[in-house]
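Report on one structure; see the data block that follows.
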Amino acid sequence: MRLWLLRHLAGLCLAVAALAVVLSAAPAHAVQPDEMLADPALEARARDISAGLRCLVCQNESIDASEADLARDLRLLVRKRLVAGDSDQEVVDYMVARYGEFVLLRPRFDWQTLALWGTPVVVLCAGAGFAFLSWRGRRRQAGPSSLSPEEAARVEALLRSGD
Numbered sequence: 011m012r013l014w015l016l017r018h019l020a021g022l023c024l025a026v027a028a029l030a031v032v033l034s035a036a037p038a039h040a041v042q043p044d045e046m047l048a049d050p051a052l053e054a055r056a057r058d059i060s061a062g063l064r065c066l067v068c069q070n071e072s073i074d075a076s077e078a079d080l081a082r083d084l085r086l087l088v089r090k091r092l093v094a095g096d097s098d099q100e101v102v103d104y105m106v107a108r109y110g111e112f113v114l115l116r117p118r119f120d121w122q123t124l125a126l127w128g129t130p131v132v133v134l135c136a137g138a139g140f141a142f143l144s145w146r147g148r149r150r151q152a153g154p155s156s157l158s159p160e161e162a163a164r165v166e167a168l169l170r171s172g173d
């Protein structure tokens with residue numbers, strides 16, 4: 011009876027732990043009900059824009075997921091601009107003009123961010139070139155066998171006699 015009870019308790023604990031993991035992996039939305047717009051289409055646009063804007067306090071979260079006061083202010087500003095009639099691009103451009111490119115979670119590709127986007131490609135090419143040159147150098151060092159036919163026969167005989 012005790013063993014049965016222990017097994018079921020262990021199973022229940024495992025199920026609760028799995029549920030906690032699943033719920034913690036769900037996307038966190040810090041948007042409060044008083045922030046939401048009455049128009050579902052505008053609210054969906056606001057959510058899409060907010061998901062692409064960085065919280066300037068947390069720096070690794072979108073303003074949609076952050077609970078910082080500044081993130082709330084930015085969410086409200088996005089909604090205010092949408093209600094005023096701005097397009098999605100105009101809202102993003104306004105935020106970039108006000109806070110700089112850093113506010114974007116995915117930076118734009120332009121001449122200012124060329125190093126950011128180009129560095130991985132340069133490092134990958136340099137690594138591939140280094141690997142190729144190393145491989146070629148090792149192949150040259152091994153080179154063709156420099157043994158004469160008599161020496162090769164003698165090595166072969168020694169190898170056979172060792173068995």
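Counting in the numbering used here, the sequence shown runs from 11 upward without gaps.
The beta carbon of each residue, even a glycine, is placed where N, CA and C say it ideally should be.
Leaving aside the five residues before and after residue i along the sequence, list all residues of the same chain whose C-beta is less than 7 Å from its C-beta, in chain order.
| i | result |
| --- | --- |
| A38 | Residue placement at A38 is poorly supported in this model, since its pLDDT is 47, which falls under 50; the coordinates are not used for a value here. |
| M46 | E53 |
| Y109 | L66 |
| A167 | none |
State yes or no: is the C-beta of residue i within less than 7 Å of the C-beta of residue j?
| i | j | result |
| --- | --- | --- |
| G62 | L115 | yes |
| C65 | A48 | no |
| L80 | V93 | no |
| F140 | W127 | no |
Count the other CB atoms within 10 Å of the CB of residue i; is the residue buried (16 or more) or exposed (fewer)?
| i | result |
| --- | --- |
| A56 | buried |
| S156 | exposed |
| V88 | buried |
| R85 | buried |
| V101 | buried |
| L113 | Just to set this straight, residue 113 is Val in the shown sequence, not Leu. Buried, because 16 or more other Cβ atoms sit within 10 Å of the Cβ of V113. |
| E160 | exposed |
| S72 | buried |
| A35 | Confidence is the limiting factor: at A35 the pLDDT is only 45, short of 50, which leaves the residue's position unreliable and the question unanswerable from this model. |
Among the candidates the options, whose CA atom is the shortest distance from the CA of residue i?
| i | options | result |
| --- | --- | --- |
| R91 | I59, F112, G110 | I59 |
| V4 | S97, A136, P117 | Not covered by the structure: residue 4. The range shown for the chain is 11 to 173. |
| A51 | W121, Y104, R164, G95 | G95 |
By Cβ distance, which residues of its chain are closer than 6 Å to residue i, with the 5 residues on each side in sequence left out?
| i | result |
| --- | --- |
| R149 | none |
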